[in-house]
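Colleague: Chains as they are written, first to last, in UniProt numbering: chain A, 1 to 223; chain B, 1 to 223.
2 protein chains.
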Amino acid sequence: MAKDMTLLWGSGSPPCWRIQIMLEEKQLQGYNHKLLSFEKMEHKSQEVLDINPRGQLPAFKCGNHILNESYAACFFLENQYKSQGNKLIPDSPDAQALMYQRMFEVLTFHQKIVEIVTYNFRVPEEERHDSAVQRNREALTAELKLWEGYLNKTDCCLAGKEFTLADVVFFPSVAFLFRLGLSSESHPVLAKYYNSLKDRASIKATWPPHWQSTPGPDMMKTI
Amino acid sequence: MAKDMTLLWGSGSPPCWRIQIMLEEKQLQGYNHKLLSFEKMEHKSQEVLDINPRGQLPAFKCGNHILNESYAACFFLENQYKSQGNKLIPDSPDAQALMYQRMFEVLTFHQKIVEIVTYNFRVPEEERHDSAVQRNREALTAELKLWEGYLNKTDCCLAGKEFTLADVVFFPSVAFLFRLGLSSESHPVLAKYYNSLKDRASIKATWPPHWQSTPGPDMMKTI
């Protein structure tokens, strides 16, 4: 079945990485994939637009189904391959409720990172303000404090002992932060989470290739 | 079981309305609820903060489970009450894939509305630019075109003939747009969708109370 899947992706993009981790977790290796370059604007190519009219990566086809939204792909794959690979939605109502709640809070967490990282791309020069940059950084600082608290209350993973969909969507953004120089000393609980999962098979197998060869900018060092 | 649920909500907030529709669809009437005022800043009250540390509405408790994120509440309720009320995740892989994909695209659709509506609240006066306002309006115009195309290809609902979770999360944002003066002539397919669902029992029963008594501003008239 994995032979019937095609993923167009960009290295280091958390939404792309989520789908890659998911495919590993569900033992769906062997899918077709193609690494494209954001710098060369390949995400606006016809090849991508044919799958994803938004001209964004990931562009993911699973048989005839188009699942470009990373959360959509995760839910669909978990539902269609329930008994294959790792089960990523827990049965217990407690863990399930916590998983869903955290999973959707991740969207806010990720958005706050994106607002800082993409500021100069998104905002034309004449509209940029140091006060906005400062506010975005303060918003991320407050957000990280919240997650340090959340993780302090759980065992290992976001919804308890088991690795779930919440971790599939959260880990890539956490790794991105550390890649951008986030301080482990100032964020010890997030650092512990990061270190406990970075060698998990599904994550190691899909680690962004260009992260291995080039260092990231120190954008998050003083957050 | 509904007696064990508490929803703190604000009138006209699409995320609050999603949970209200969901509770009706799953025949979970009789839950505790309290209407709070955004204008009076009641979403920052201790009562809300005790459930939702972000100080946002909805604040939703289902037994001991906290599900403030509207998507989290929808998924949890659907999963816990599978055989009660209407089934909102279709079995067919085709409809399911389409439902998930659209459901998560709704987040982008809704975000583009929010960026326009909250611009003056979010952005301090000295950082506001007409060019940014214009860009936000163009982004929503392009987004609406995409959804006109999507809806043109389906029967009645977002993922086909059946009302699904995708409609639970989409409808409140569509209704919000028409409340703000969106032109039916310029958006005939969205208007058809809106008109075909506005009298659905779950939607009618939860219609934002202040919308019935006061007209909305004409903010979206020229989109």
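Positions of the beta carbon are idealized from the N, C-alpha and C atoms, including for glycine.
Computed from a predicted model, the values in this text were never measured in an experiment.
Quick check: what's the CA-CA separation for B:F104 versus B:S13?
Modeller: In the second sequence, counting from the first residue as 1, residue 104 of chain B sits at position 104. In the second sequence, counting from the first residue as 1, residue 13 of chain B sits at position 13. When rounded, the distance between both Cα atoms is 18 Å.
Colleague: Against chain B, with Cβ distances strictly below 8 Å, would A:Q97 count as a contact?
Modeller: As a working mapping, residue 97 of chain A is identified with position 97 in the first sequence. Checking the sequence shown, residue 97 of chain A turns out to be Ala, not Gln. A:A97 counts as touching chain B.
Colleague: How big is the Cα-Cα spacing for A:Q27 and A:L197?
Modeller: Taking the first residue of the first sequence as position 1, residue 27 of chain A is located at position 27. Taking the first residue of the first sequence as position 1, residue 197 of chain A is located at position 197. When rounded, the distance between both Cα atoms is 18 Å.
Colleague: Assuming the contact rule is C-beta atoms closer than 8 Å, residue 306 of chain A and A:F163 should be a hit. Round their C-beta distance to whole Å, please.
Modeller: Nothing can be reported for residue 306 of chain A, as the shown portion of chain A is limited to 1 through 223.
Colleague: Which residues bound the beta strand (DSSP E) around B:M99?
Modeller: Position 99 of the second sequence, counting from 1, holds the residue named residue 99 of chain B. No beta strand (DSSP E) holds B:M99; the alpha helix (DSSP H) holding it covers 93-117.
Colleague: Any idea what DSSP makes of A:N32, helix, strand or coil?
Modeller: On the first sequence, residue 32 of chain A is found 32 positions in, with the first residue counted as 1. The answer is strand: DSSP assigns A:N32 an E or B state.
Colleague: Closer than 6 Å by C-beta to A:A73: which residues in its own chain qualify, once you throw out the five before and the five after it? Chain order, please.
Modeller: Working through the first sequence from its first residue, we reach residue 73 of chain A at position 73. Closer than 6 Å at Cβ, skipping near neighbours: I19, F60, L67.
Colleague: Counting contacts by CB-CB distance shorter than 8 Å, is A:P58 in contact with chain B?
Modeller: Counting from one through the first sequence, the residue named residue 58 of chain A turns up at place 58. No - not a single Cβ of chain B is within 8 Å of the one on A:P58.
Colleague: Can you look up A:I19 in the DSSP assignment and give me helix, strand or coil?
Modeller: Taking the first residue of the first sequence as 1, we reach residue 19 of chain A at position 19. Note: A:I19 maps to helix in three-state DSSP.
Colleague: Could you give the C-beta distance for residue 224 of chain B and B:I113, rounded to a whole number, given that I count them as a contact under 8 Å?
Modeller: Nothing in the structure corresponds to residue 224 of chain B, since chain B is present only between 1 and 223.
Colleague: Mind pulling the chain B residues with CB within less than 9 Å of A:S131?
Modeller: Along the first sequence, read from residue 1 onward, the residue named residue 131 of chain A stands at position 131. Per Cβ cutoff of 9 Å: P124, E126, E127.
Colleague: Since I believe A:Q101 is in contact with B:E69 (beta carbons under 8 Å), could you give me their beta-carbon distance rounded to a whole number of angstroms?
Modeller: Against the second sequence, residue 69 of chain B aligns to sequence position 69. Against the first sequence, residue 101 of chain A aligns to sequence position 101. B:E69 to A:Q101, Cβ: 6 Å. Contact.
Colleague: Given this structure, state the Cα-to-Cα distance separating B:G149 from B:E185, to the nearest angstrom.
Modeller: The residue given as residue 149 of chain B occupies position 149 in the second sequence. The residue given as residue 185 of chain B occupies position 185 in the second sequence. C-alpha separation (whole angstroms): 15 Å.
Colleague: Hey, how far is the Cα of A:G22 from the Cα of A:H33?
Modeller: Looking up residue 22 of chain A in the first sequence gives position 22. Looking up residue 33 of chain A in the first sequence gives position 33. The question names Gly, but residue 22 of chain A in the sequence shown is Met. Computed Cα separation, rounded: 14 Å.
Colleague: Please go through the same chain and pick out, in chain order, the residues whose beta-carbon is closer than 8 Å to the beta-carbon of A:L35, but skip the five residues on each side of it.
Modeller: Counted from its first residue, the first sequence places residue 35 of chain A at position 35. Result list for A:L35: W9, G10, S11, P209, in chain order.
Colleague: Tell me which residues share the same chain as B:S213 and place their Cβ nearer than 6 Å to its Cβ, disregarding the 5 neighbours each side in the sequence.
Modeller: In the second sequence, the residue the question calls residue 213 of chain B occupies position 213. Cβ neighbours of B:S213 beyond the five flanking positions: none.
Colleague: Near A:F109, which residues of its chain fall below 7 Å by C-beta distance, leaving aside the five closest residues on each side in sequence?
Modeller: On the first sequence, position 109 is the one that residue 109 of chain A refers to. Excluding residues within five positions, the ones whose Cβ falls inside 7 Å are E143, W147, S173.
Colleague: Closer than 8 Å, CB to CB, is B:A72 near chain E or not?
Modeller: The structure shown contains no chain E; its protein chains are A and B.
Colleague: Is the Cβ of B:M220 closer than 8 Å to any Cβ of chain A?
Modeller: Residue mapping note: residue 220 of chain B aligns to position 220 of the second sequence, counting from 1. No, because no Cβ of chain A sits closer than 8 Å to the Cβ of B:M220.
Colleague: Taking the alpha-carbon positions, what's the A:H65 to B:E42 distance?
Modeller: By 1-based counting over the first sequence, the position of residue 65 of chain A is 65. By 1-based counting over the second sequence, the position of residue 42 of chain B is 42. Approximately 43 Å between the Cα atoms of the pair.
Colleague: Mind checking B:E125: buried by the 16 CB within 10 Å criterion, or exposed?
Modeller: As a working mapping, residue 125 of chain B is identified with position 125 in the second sequence. Classification for B:E125: exposed.
Colleague: Strictly below 7 Å CB to CB, what residues from chain A border B:N195?
Modeller: For this step, residue 195 of chain B is matched to residue 195 along the second sequence. Going along chain A, no residue has its Cβ under 7 Å from B:N195, so there is no contact; the nearest lies around 26 Å.
Colleague: Would A:I19 count as contacting chain B if we go by Cβ distances under 8 Å?
Modeller: Along the first sequence, read from residue 1 onward, the residue named residue 19 of chain A stands at position 19. Cβ-Cβ to chain B under 8 Å: no for A:I19.
Colleague: So A:T206 and A:E24 are supposed to be a Cβ contact under 8 Å. How far apart are they, rounded?
Modeller: Translated into the one-based positions of the first sequence, residue 206 of chain A becomes position 206. Translated into the one-based positions of the first sequence, residue 24 of chain A becomes position 24. Sure, about 6 Å apart at Cβ, within 8 Å.
Colleague: Which residues, in order along the segment 154-170 of chain B, keep a beta-carbon less than 7 Å from a beta-carbon of chain A?
Modeller: Going along the segment 154-170 of chain B in chain order, one finds no residue with a Cβ nearer than 7 Å to chain A.
Colleague: Can you round the beta-carbon distance between B:L107 and A:L107 to whole angstroms, since I take them to be within the 8 Å contact cut?
Modeller: Position 107 of the second sequence, counted from the first residue, corresponds to residue 107 of chain B. Position 107 of the first sequence, counted from the first residue, corresponds to residue 107 of chain A. Indeed, because the Cβ distance is near 7 Å, the residues count as touching under 8 Å.
Colleague: Using a threshold of 8 Å, state whether the C-beta atoms of B:C62 and B:F76 are closer than that.
Modeller: The residue you call residue 62 of chain B lines up with position 62 of the second sequence. The residue you call residue 76 of chain B lines up with position 76 of the second sequence. Yes.
Colleague: Pick out the complete beta strand (DSSP E) segments inside the segment 134-194 of chain A, 3 residues or longer, and give them in chain order.
Modeller: Within the segment 134-194 of chain A, no complete beta strand (DSSP E) run reaches 3 residues.
Colleague: Please name the residue, chosen from B:N195, B:D4, B:L182, that lies closest to B:P217 on a Cα-to-Cα basis.
Modeller: Walking along the second sequence from the start, residue 217 of chain B turns up at place 217. Among B:N195, B:D4, B:L182, the Cα nearest to that of B:P217 is on B:L182.
Colleague: I'd like the list of long-range same chain contacts for A:N136, defined as Cβ closer than 6 Å, with 5 residues on each side in sequence excluded.
Modeller: The residue you call residue 136 of chain A lines up with position 136 of the first sequence. E115, I116, listed in sequence order.
Colleague: So B:A201 is in the beta strand (DSSP E); what residue range does that whole segment cover?
Modeller: Numbered from 1 along the second sequence, position 201 holds the residue referred to as residue 201 of chain B. No beta strand (DSSP E) contains B:A201, which is instead part of the alpha helix (DSSP H) from 201-204.
Colleague: My output table needs one value for B:L197: the three-state DSSP class, helix, strand or coil.
Modeller: Locating residue 197 of chain B in the second sequence gives position 197, counting from the first residue. It is helical.
Colleague: Spell out whether any CB of chain B is found under 8 Å from the CB atom of A:P93.
Modeller: Here residue 93 of chain A corresponds to residue number 93 of the first sequence, with the count starting at 1. Closer than 8 Å to some Cβ of chain B, the Cβ of A:P93 qualifies, so yes.
Colleague: Could you check which residue in A:Q56, A:K161, A:R122 has the C-alpha nearest to that of A:Q96?
Modeller: As a working mapping, residue 96 of chain A is identified with position 96 in the first sequence. Ranking the options by Cα distance to A:Q96, first place goes to A:K161.
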